[in-house]
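This report refers to the structure that appears directly beneath it.
Residue numbers (our numbering), protein chains in the order written: chain A, 1 to 335; chain B, 1001 to 1590.
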């Protein structure tokens, strides 16, 4: 087992390098120049007037030199990899004294808990619901819940967010705050108040992040369960007089869980992609929003770092789901 | 969900009752009959076709141009008259400079036309305006314009030889245009005519919507007319030409498919419309203030253009809603609207009276703005109908691209195996590890958000799923006898792949493609929502949705999103049906 995990970790390295090369090429070969954006902005701000052409050119050249944008793309990639090896992702282009690594850790503290909560929640709701509607297959309840899940499947995330804001925000029922993670005077709160405030702020984003993966998971759970329930050994279990409860909980459930547990890996990228939208709907300063801001400003360092991190998270997710395979299915053994 | 309508297992197993003894079903017959059994999917398909038809026929449904117009159009005449003077001056300059002079003056220009193109453009500029004028003139009044055209023909013929025209000759053109401007001012009644200075315009019938169609629009309109009328013409063709013979009908399938492509193509190529006269037409305001005098005029059901703003109606709620009621001076009867009073002075901010133009419902009519208006008072329903063109097209084209790439890559990897397979599989793995939405976002933001870019990028990024499917199918089919036989016969690889293996692997691809369209639409709308999507001049549904993020303007957030949701839902429903029909093993609802 240990050697398997090590091997998988080693295999992640070429994939990660492939991803970074692909990303590097896309960014550098695309039109658009961060130096022009930066020097235009900096020149005008620094002198309090419209900068002359030569000034802008100068500033742009300085900017390129500072971030090595004037060098061949291979060299740039080499520098980047070298600094990443030292766990340094460079500084932000437009706030030169902010380290991208520190900022990302700050943002991950927001995004990762949200993602974990929503994964756990979606499993907690989806599994019982999927099992229930598979066991009661064909009844009105099954049809109803399947229909709702099917509807949820087609709801665009950003629209769900906006509708939640419309319904629960100040213009609707006025139950929950809709923007940010804290109240504006959160500093004055006691610890208990503060936590309660954050929880209230997180309700809508978590709902928004959860419903998609929930719909996906409960559908898969239902299918998996239906598949298992038709197997011969379930008929055998029933034939020997076991109670329905034991049949479902002991014999069917464990086997139908296998494919659903591994879906964890495919839920993760959905969550990471969805975090861009959810965070921008609810103005949450998480990693998705950070990546989006980086993309819009053409801040190569930020984009490279955020995408590398999310690819890494995805790969780790794949690995975890492969390992959980072993725990839920003793027939599978890696060595 | 489809299951409420799917037949029970026993029913599904029972074979179709044979309609004719000699007739056996082939693969596509089976697929079609299976899909037809799933009522929900069939209905989803019908509604989707209706959506696409609405998008294609948008100019006839929501437009500020009349569909049919009979009367006198002083505005068009007047503007053509004015512009004629300007364009003939520029044409005259061009002819005087000659080929060498033209090429010398335009070297280094970024978008340089060739000499011939420049002549054509100038000639067309004059002739279209003359056309617009002569349409409304008696034969006698046309004489000066005909003379102008003759001079133009002479000059153009000379210029095509490359020589520069003599200044005096070229100036004659300008002189005639100036004379036309001076002597041919339009009036609508015979009693107003001043001989030598004005001419009376004749009533003419025109079809402004049709005249403004572009070749592409005509192509798609003919295509959709064929699709919508298929049940009728198919039956006619089958009865009249094929004698209702199943075998001949089956063989005629290919010809029918070709007709679906060829007829619209021919119509598009032959189309001689004059697209893009004006982005916003002047008919409605002209009719309101009397510049256009109509005997008979028919407006589309929704008499608002996509870019037509209605002053005084910015962010007006849907007109059936009670907050939308407005007084004659333009004040809202009930509150709830942002910025109604200036906080400092207390004066109302929105007091511009609503102008109701010709053909529009009255100011407080329920039908005035069924889905409300946006920041410039543009009718949201009209914009949604036009926006459907972008949103629906993006998903479809992106899917075509990803299916094409996916099939080729998957076929290569699955058929050849070895190092080809290794490289392609590794590449697929890398792309799949990427957070796909990030990748699309990066590419769109960096390459630029044109509609074509977005289609291509979504296609380029999401082909991996289909490639994996195709690869799997190819590996499965690789060892089958018919593939080995075709190889043994010396059939070229490309033919084996495309004629023998691929048709057998198409089922799962079709299913994936259906869901791919839905996800393409979702992706595009998410991009538009983030503000990096398709913008002007044609907005997509996602772009319409973010015209206001304020919760006050609920109609702007609800309706475009609802349409996206509905479209995706319909595609999913249809996809389920196709999947159940093609591969009962994958069936979700049993």
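Every residue gets a Cβ at the ideal spot worked out from N, C-alpha and C, and that includes glycine.
Treat the numbers as computed from the prediction; the structure is a model and nothing was measured.
Item: Residues within the segment 149-182 of chain A neighbouring chain B, beta-carbon criterion of under 9 Å; Value: 149, 150, 151, 153, 154, 155, 156, 157, 158, 159, 160, 162, 163, 165, 166, 169, 170, 171, 172, 178
Item: Buried or exposed (CB count within 10 angstroms, at least 16 for buried), residue 1110 of chain B; Value: At residue 1110 of chain B the pLDDT is 45, less than 50, meaning the model places this residue with poor confidence and gives no usable figure here.
Item: DSSP three-state assignment for residue 286 of chain A, whether helix, strand or coil; Value: coil
Item: Beta carbon proximity, residue 1205 of chain B to chain A, threshold 8 Å; Value: no
Item: Three-state secondary structure (DSSP) of residue 311 of chain A; Value: helix
Item: Contained beta strand (DSSP E) runs [length at least 3] in the segment 1498-1538 of chain B, N- to C-terminal order; Value: none
Item: Delimiting residues of the beta strand (DSSP E) encompassing residue 240 of chain A; Value: First-last for residue 240 of chain A: undefined, no H or E at that position.
Item: Interface flag, residue 280 of chain A vs chain B, CB-CB below 8 Å; Value: yes
Item: Amino acids of chain B, ordered along the chain, whose beta-carbon sits closer than 7 Å to that of residue 314 of chain A; Value: 1433, 1435
Item: Alpha-carbon spacing of residue 224 of chain A relative to residue 1033 of chain B, whole angstroms; Value: 28 Å
Item: Buried versus exposed, by CB contacts within 10 Å (16 or more), residue 1189 of chain B; Value: exposed
Item: Candidates B:1192, B:1533, B:1264, B:1135: closest to residue 1440 of chain B by CA position; Value: B:1533
Item: Rounded Cβ spacing between residue 265 of chain A and residue 16 of chain A (contact assumed at less than 8 Å); Value: Contact doesn't hold; Cβ gap of about 16 Å is too wide.
Item: Beta-carbon proximity list for residue 1264 of chain B, same chain, < 6 Å, skipping 5 on both sides; Value: 1219, 1222, 1223
Item: Given 8 Å, three or more beta-carbon pairs between the segment 1351-1360 of chain B and the segment 1031-1045 of chain B; Value: no
Item: Contact list for residue 1043 of chain B against chain A, beta-carbon separation under 9 Å; Value: None at all; the shortest Cβ gap to chain A is about 14 Å.
Item: Minimum C-alpha distance to residue 24 of chain A - residue among A:79, A:124, A:210; Value: A:79
Item: Coarse secondary structure for residue 263 of chain A, derived from DSSP in three states; Value: coil
Item: Contacts that residue 90 of chain A makes with chain B (C-beta to C-beta distance below 9 Å); Value: Result: empty, since nearest Cβ-Cβ is about 17 Å, beyond 9 Å.
Item: Neighbour flag for residue 15 of chain A against chain B, beta carbons, 8 Å; Value: yes
Item: Same chain only: Cβ atoms within 7 Å of residue 210 of chain A, ignoring 5 sequence neighbours per side; Value: 118, 121, 122
Item: Under 8 Å between C-beta atoms of residue 1200 of chain B and residue 1173 of chain B; Value: no
Item: N- and C-terminal bounds of the alpha helix (DSSP H) containing residue 1303 of chain B; Value: Careful: residue 1303 of chain B lies outside any alpha helix (DSSP H) and carries neither H nor E.
Item: 7 Å Cβ shell around residue 238 of chain A - same chain, five flanking residues per side excluded; Value: 247
Item: With 16 other Cβ atoms within 10 Å as the buried cut-off, status of residue 1196 of chain B; Value: exposed
Item: Touch test, the segment 1127-1135 of chain B against the segment 1062-1081 of chain B, Cβ-Cβ under 8 Å, three pairs minimum; Value: yes
Item: Closer than 9 Å at the beta carbon, the chain B residues around residue 285 of chain A; Value: Ordered by position in chain B, no residue passes the 9 Å Cβ test against residue 285 of chain A, which lies about 16 Å from the chain.
Item: Start-to-end residues for the alpha helix (DSSP H) that takes in residue 1069 of chain B; Value: Counting along the chain, residue 1069 of chain B falls outside any alpha helix (DSSP H), though it belongs to the beta strand (DSSP E) covering 1068-1073.
Item: Chain A contact for residue 1301 of chain B (CB, 8 Å cutoff); Value: no
Item: Residue 267 of chain A versus A:289, A:250, A:134, A:220, residue with shortest Cα-Cα distance; Value: A:220
Item: Inter-residue Cα distance where the pair is residue 1506 of chain B and residue 1417 of chain B; Value: 19 Å
Item: Bridge-paired residues (DSSP) for residue 1332 of chain B; Value: B:1326
Item: Three CB pairs or more closer than 8 Å across the segment 1081-1101 of chain B and the segment 1322-1333 of chain B; Value: no
Item: Any chain B beta carbon closer than 8 Å to residue 323 of chain A; Value: no
Item: Closer than 8 Å to chain B by CB, residue 209 of chain A; Value: no
Item: 8 Å CB neighbourhood of residue 1538 of chain B in its chain, flanking five on each side removed; Value: 1306, 1386, 1387, 1389, 1390, 1451
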